[in-house]
Structure formats: C-alpha cells, structure tokens
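Each remark here refers to the structure printed beneath this line.
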Amino acid sequence: MNNTITIDPVTRIEGHARVFINIDASGMLEKAGLVVNELRGFEKILIGMEADRMPLITGRICGVCPTAHHLAASRALDDAAGVQAPPAAHILRELMLMGHMIHSHCLSLFVLQGPDLILGLDADPAIRNIVGVVKAAPDAAKKALRCRAIGQQINELIGGRGTHPVTSVAGGITFRMEQGMKKQLEAWIDEALVLVQELAPLLKTLLLKQLELHPALLSSWLTPAWSAGTQTHGTLNLYQGNIRIVDEQGSTRHEFTADRYDRYLKESVLDWSYMKQVHAGDGNDLHVYRVGPMARFNASERYGTPIADAEAEQFANTFGRPAHNTILQIYARVIELIYAAERAKQLVSDRAIDGETRIPVTFRGGRGVGHVEAPRGTLIHDYDIDANGIIRAANLIVATQQNYAAINETIAQAANDFVIGKRSDETLLNAVEFSIRCYDPCLSCATHAMGPMPLEIIIARAGTIERTVSRGIQ
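Start counting at 1 in the sequence shown, then tack on 839, and there's your number in the numbering used here.
Structure (structure tokens):
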C-alpha cells in the first residue's frame, strides 16, 4: 500500500534532502540514509579559471558559509605561491572568521534549531519556526538576532561584503586597519560578548529540558565515532594549525598539516547519492568520524579563552569527554559561540593588527592546499595550478560530506526509535529532521548546487515502497 502525507512548513536545513528507510519482510531495519539529489559539480567548474579568482568564485558555492570558502581558498593560494601572509593579515582573516562563526552559530542555534528547543520537539510544525520563536520568547529572539547581525557586520566590515567577502587574497588582505574601523569592531565585539553570555544559559536550560522530556535522545541517539578538528598544541584554532583526529576514547590517532589530508581522509562514491562520503584512517583501517563543534571539543584539550574553557569543563563534567551523543552538538555549538566572541576580543586587541597586510604573489605552478574550520566543520581546498596561474584540478572537502556517514547512522537510529512498528508519521518527520539538523548540514556546500529545502522520507518494506512521508514538497 502506498500513501503520501504532506506537511508544511519547509524543513529547516540548508539544501534538498530525501531520506530512505528500508525495512525487511520481518519488519526489521535493513538500511537508512540521506539521499542528496543535487549534482556535485563545482570542482569541475573551477578547472580553467585563474587561480587568483578562487577566493571570489568559491565563496559563491554557498550563501550560508561563503567566508569559510573565501578564507580556505586564500590560504590555499598562499600555499601554492609559497608565501606567508603578514601577521596583520592573519589576524584580520581570523577576525573575519570569528564574525562568520558568530553569525552562523546564532543562525543555527536560534533560527534552525531554536524552534525545536524553545517550542519543543512535539510542537506543531506550522508554528515550529523562527516566527514561533519570536512570539514565544521575544526577548531571547531579539538578543539572538542582534548577535547574529553583529557577526555579519564584523564579517562585512573586514570582508568588504557581508555575504560574499572580497578582501582576502593570495598573500594577505587588501586593506590596512584604520582606527575608526578598529573602534567600531571593538564596540561590536564588546556587545556580542555580553549577548552570548546572556543567551548561553537559556540555550543550555532549553536543551536540558528537551533531554528530560525525551530521554531517548541521550540513551539511544549515541553514535560513537572518531572526531577531527584543528588545534595548535592542544588549543582549539579555527583558522590555522594541525588537523587532529581522535578515536572514540579520545586518543590521538593522526595529526597532520592540511597538505597531507589525502593520506588520512578517504573519499568514496555512493551509488544512491551525489554527495561523497569521507572516512578517516590510514590504509584499509577506515572509520566513521565527525567534524564540527562537538568534534572540535573532542579533538582539542582547551579553547584558550576563559569563559569558553569554564563552559567546556562543565560540559565534560556533565556528559563526559569525548562526547558522542548527537544532540550534544547543540551544547558544543553554544560553547563555540562564546569562544568566537572571546577570540574576536583577543584578536582586535592584538597590536600587530595595525601592520602591513599584503605581500606580492607570483604563481609558478604547483599544488596549493589550505583549510579553515568552517562553522559546520573542517573545510579543505586543494588546487593544482599550472605555470600560467590556471586551475587544472580542484578538490574541496567540506564538513557535511565528512559527517555524511555519521548522519546516516543517526538517521538509522531515529528510524529504529520512531518507525519500526510504532508512532506516527508526524513524529517520524520530527525525529528524522531533528537528528539531521543537529549536524547543521549544508547540502549546497556538499554538492555545490542550489535548490529548495524540502524533506522526503521513503519507507520501503522488502524492496517495495510502503509509504512516502514528506514536508515542503510541492
């Protein structure tokens, strides 16, 4: 028997998602996963373009995280040219990234995940959105949206544009800091520091409330996996450092510079999705791993800022370290929001910010690899550039494809909890949506395409489609 149930509004994820859940004849789960229907084509588009345009072009991959691509591309060009940007350029680039983090984490925590936390996982989907949040908690919504705006203003002032930055180039940054700009940045950052400290307790309280109401979120949504994140001597660094991979127990398995990523991160193609998956390991010893806020918490020993470190200690004392529960990624994102504001304060106060910001660059051909920690996880750009400065090959490893295998495991857990012989289609949609949303996926980055944001779940028994459940499908 086939039936279709359509529920609005559009799912709060970035991209077009379809989920399949296959059940065998006895009613047991066979397989479940996230299908990405959009073609991954951006790497081919880059071939034949001038290398120095990569920071501008790759920022157009996605309107949600263009700054991360802009900076990863710039760092890859630095590497290809064999140059080190001046200290002031690194400070400004990292400060731009902190603005991006503040903006993106506020978006994720309050606009995408906030409706689940503030209104509850069982709330009517018609009101479980940002409009519902504004009505239910106007003061918190006002503060969150103001904090998000500050992050975007920081990004725009340094990057030249809010959505698609233009100032980070091969060899540095295209401008020098002026005192008027510095004073404005200091004022915004001070305001953001106040706001994040006011918002963090609310978010933690709301999360803990949902865990009390839905204990299965802690007891069954547990996906032990390896974790990867960037750090410098154990301290989190979102802009530069070595990529560290730790196992399920938190022991370091690999640590490497970005140009050696292909020794430890292995891409593979799935026959049912355009998004590649990535596993971590060496040789044939490959493992499911995560990137993003919780993975960065697991892969580093400290944040290096006082308030974030205190929050991390409380997190570890309550839930352990390393953490593996899917929903705790929200908690880790709250800590990182605090860190981004604190780190921005450190950067804008560094006297080296007033120095020279750019050195001349000449491309003579060769490979360039650069990376940053995007809001959703580790982002790597790898370019092969010829003697004329033209891109001959490109590979982009984005966060969502690195989380892909873990996302599919989490969907399988949600299916076991909410599909196999129990509960309603609406509960199923809520559970699967929320499990995916905890990863804050960006499917446009992972496939380099754009499109609407519906969710469709296809449930098949013994190879025959039993029913289709959808939300936001026209």
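For glycine and all other residues, C-beta sits at the position ideal for the given N, C-alpha and C.
Contact set for residue i: own chain, Cβ-Cβ below 6 angstroms, skip 5 residues either direction
{"i": "A928", "result": "G1011, I1012 and T1196"}
{"i": "V1173", "result": "A1039 and L1042"}
{"i": "L984", "result": "none"}
{"i": "D1148", "result": "R1141 and Y1142"}
{"i": "R932", "result": "L910 and S1007"}
{"i": "M937", "result": "A1179, R1182 and A1183"}
Secondary structure of residue i, DSSP reduced to three states
{"i": "S1112", "result": "coil"}
{"i": "G1302", "result": "coil"}
{"i": "V1033", "result": "helix"}
{"i": "R857", "result": "strand"}
{"i": "H1287", "result": "Any answer about H1287 is weak, because its pLDDT of 41 lies below 50 and its placement is not dependable; what the coordinates show is given next. Note: H1287 maps to coil in three-state DSSP."}
{"i": "H929", "result": "helix"}
{"i": "A924", "result": "coil"}
{"i": "M1292", "result": "The predicted position of M1292 is uncertain, since its pLDDT is 44 and thus under 50; a value taken from the coordinates is nonetheless stated next. In this structure, M1292 counts as coil in the three-state DSSP scheme."}
{"i": "H1072", "result": "coil"}
{"i": "V874", "result": "strand"}
{"i": "T1091", "result": "strand"}
{"i": "G1216", "result": "strand"}
{"i": "T1239", "result": "helix"}
{"i": "L868", "result": "strand"}
{"i": "W1027", "result": "helix"}
{"i": "D1279", "result": "coil"}
{"i": "I1198", "result": "coil"}
{"i": "E889", "result": "strand"}
{"i": "R1203", "result": "coil"}
{"i": "T1307", "result": "strand"}
{"i": "D1124", "result": "strand"}
{"i": "V1085", "result": "strand"}
{"i": "E1106", "result": "strand"}
{"i": "P1067", "result": "The question names Pro, but residue 1067 is Ala in the sequence shown. Note: A1067 maps to strand in three-state DSSP."}
{"i": "D1148", "result": "helix"}
{"i": "N1234", "result": "strand"}
{"i": "G902", "result": "coil"}
{"i": "V1211", "result": "strand"}
{"i": "V1130", "result": "coil"}
Cβ neighbours of residue i in the same chain (closer than 8 angstroms, five flanking residues each side left out)
{"i": "L1050", "result": "L1056, L1057 and I1166"}
{"i": "T822", "result": "Any property of residue 822 remains undetermined from this structure, which presents the chain solely from 840 to 1313."}
{"i": "A1299", "result": "F859, I860, N861, I862 and E1305"}
{"i": "L958", "result": "I966, R967, G971, V972 and A975"}
{"i": "P905", "result": "G898, R899, T1002, H1003 and P1004"}
{"i": "T1249", "result": "W1060, T1062, T1165, S1274, I1275, C1277 and Y1278"}
{"i": "E1366", "result": "Here the chain covers residues 840 to 1313 and nothing more, so residue 1366 does not appear."}
From the options, residue whose alpha carbon lies closest to that of residue i
{"i": "I1236", "options": "L936, Q1116 and D955", "result": "Q1116"}
{"i": "D978", "options": "F1136, L1034, G938 and D955", "result": "L1034"}
{"i": "D1101", "options": "P954, D1221, A1134 and V1008", "result": "D1221"}
{"i": "R1276", "options": "G953, E869, L868 and A864", "result": "G953"}
{"i": "S1188", "options": "H1053, K1022 and H909", "result": "K1022"}
{"i": "L1104", "options": "S947, H1093 and A1151", "result": "H1093"}
{"i": "S913", "options": "F881, K974 and I1219", "result": "I1219"}
{"i": "D891", "options": "V1008, L1077, Q1079 and L951", "result": "V1008"}
{"i": "N1247", "options": "W1060, L1075 and V1208", "result": "W1060"}
{"i": "K1184", "options": "S1107, L1075, H1072 and I930", "result": "I930"}
{"i": "V1108", "options": "M888, M935, G1205 and V874", "result": "V874"}
{"i": "A911", "options": "Q923, P894 and H944", "result": "P894"}
{"i": "L1045", "options": "F949, H1118 and G999", "result": "F949"}
{"i": "A1191", "options": "E1175, R1015 and Q1079", "result": "R1015"}
{"i": "G921", "options": "R932, R1203, E1017 and Y1078", "result": "R1203"}
{"i": "V1127", "options": "A1134, A1119 and H1210", "result": "A1119"}
{"i": "G1131", "options": "W1111, D1121, I884 and Q1168", "result": "Q1168"}
{"i": "R1206", "options": "E882, A1238, H1053 and A1226", "result": "A1226"}
{"i": "L886", "options": "A1254, I1297, D1223 and N1255", "result": "Reading the sequence as shown, one finds Ile at residue 886 and not Leu. Taking only the C-alpha atoms, the option nearest I886 is D1223."}
{"i": "M1133", "options": "G1122, A1151, D1121 and D961", "result": "A1151"}
{"i": "H908", "options": "N1255, V1271 and G1209", "result": "G1209"}
Any non-hydrogen atom of the ligand FMN closer than 7 angstroms to residue i Cβ
{"i": "G953", "result": "For the structure depicted, the ligand FMN is absent and the ligand set is empty, with no information on it obtainable."}
Residues of its chain near residue i, where Cβ-Cβ distance is below 7 angstroms and the 5 sequence neighbours each way are ignored
{"i": "Y1170", "result": "K1043, L1046 and F1154"}
{"i": "N842", "result": "In this prediction, N842 has a pLDDT of 35, which is less than 50 and means its spatial position is unreliable; nothing more can be read from the coordinates."}
{"i": "G1073", "result": "S1139, E1140 and R1141"}
{"i": "R987", "result": "H942, C945 and L946"}
For the region 1161-1195, list the alpha helix (DSSP H) runs that are entirely contained and at least 4 residues long, ordered along the chain.
Correct list: 1167-1187.
Any chance the region 983-1003 sits against the region 1026-1036, with 3 or more Cβ pairs inside 8 angstroms?
Result yes; three or more Cβ-Cβ pairs closer than 8 angstroms.
Between the region 1080-1089 and the region 1145-1163, can you find at least three pairs of beta-carbon atoms closer than 8 angstroms?
By the Cβ criterion, the region 1145-1163 is in contact with the region 1080-1089, since at least three pairs of Cβ atoms, one from each stretch, lie closer than 8 angstroms.
Can you confirm whether the region 1238-1247 touches the region 1210-1222 when touching is taken to mean that 3 or more C-beta pairs between the two stretches lie within less than 8 angstroms?
Yes, they touch.
Ignoring anything shorter than 4 residues, give me the alpha helix (DSSP H) runs that lie fully in the region 932-1015, in order along the chain.
Within the region 932-1015, the complete alpha helix (DSSP H) segments of 4 residues or longer fall at 953-958, 969-975 and 977-998, listed in chain order.
Are at least three pairs of beta-carbons, each pair with one atom in the region 1062-1072 and one in the region 1167-1184, less than 8 angstroms apart?
Under the three-pair Cβ rule at 8 angstroms, the region 1062-1072 does not count as touching the region 1167-1184.
With contact counted as at least three CB pairs below 8 angstroms, one residue from each stretch, are the region 996-1006 and the region 914-922 in contact?
Judged by Cβ distances under 8 angstroms, the region 996-1006 makes no contact with the region 914-922, as fewer than three pairs qualify.
Is it the case that the region 901-909 contacts the region 1133-1142, given that we only count it when at least three CB pairs across the two stretches are under 8 angstroms?
Too few Cβ pairs lie closer than 8 angstroms, so no.
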